[in-house]
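Residue numbers (this note's numbering): 129 to 205.
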């Protein structure tokens with residue numbers, strides 16, 4: 129199971145560069161890159177809200193839950 133961050137898709141739709149988005153959101157380009165490359169372990173709600181505001185989208189447009197397991201540990205499918 130993992131959560132993917134689909135920043136590239138929304139950035140392309142809104143025609144905004146990584147540098148410009150990072151500046152508008154108030155994070156470093158390096159931190160934005162970590163998010164874009166699905167290397168982040170967590171995201172602050174304030175950062176998520178700022179990204180959604182600048183990209184004019186909902187959190188679900190940026191975050192995607194992928195269940196790549198056949199069965200969960202308690203035995204349920």
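Note that CB positions come from ideal geometry on N, CA and C, so glycine has one too.
Residue j beta carbon less than 8 Å from that of residue i
| i | j | result |
| --- | --- | --- |
| residue 163 | residue 135 | yes |
| residue 138 | residue 190 | yes |
Rounded straight-line distance, which links the Cα of residue j to that of residue i
| i | j | result |
| --- | --- | --- |
| residue 188 | residue 132 | 11 Å |
| residue 153 | residue 184 | 12 Å |
| residue 197 | residue 130 | 10 Å |
| residue 186 | residue 180 | 6 Å |
| residue 159 | residue 146 | 10 Å |
| residue 193 | residue 161 | 19 Å |
| residue 165 | residue 171 | 13 Å |
Residue environment, residue i, which counts as buried when at least 16 other CB atoms sit within 10 Å
| i | result |
| --- | --- |
| residue 140 | exposed |
| residue 150 | buried |
Helix, strand or coil at residue i according to DSSP, with G and I counted as helix
| i | result |
| --- | --- |
| residue 171 | coil |
| residue 131 | strand |
| residue 165 | coil |
| residue 147 | helix |
| residue 188 | helix |
Per DSSP, the bridge partner or partners of residue i
| i | result |
| --- | --- |
| residue 194 | 130 |
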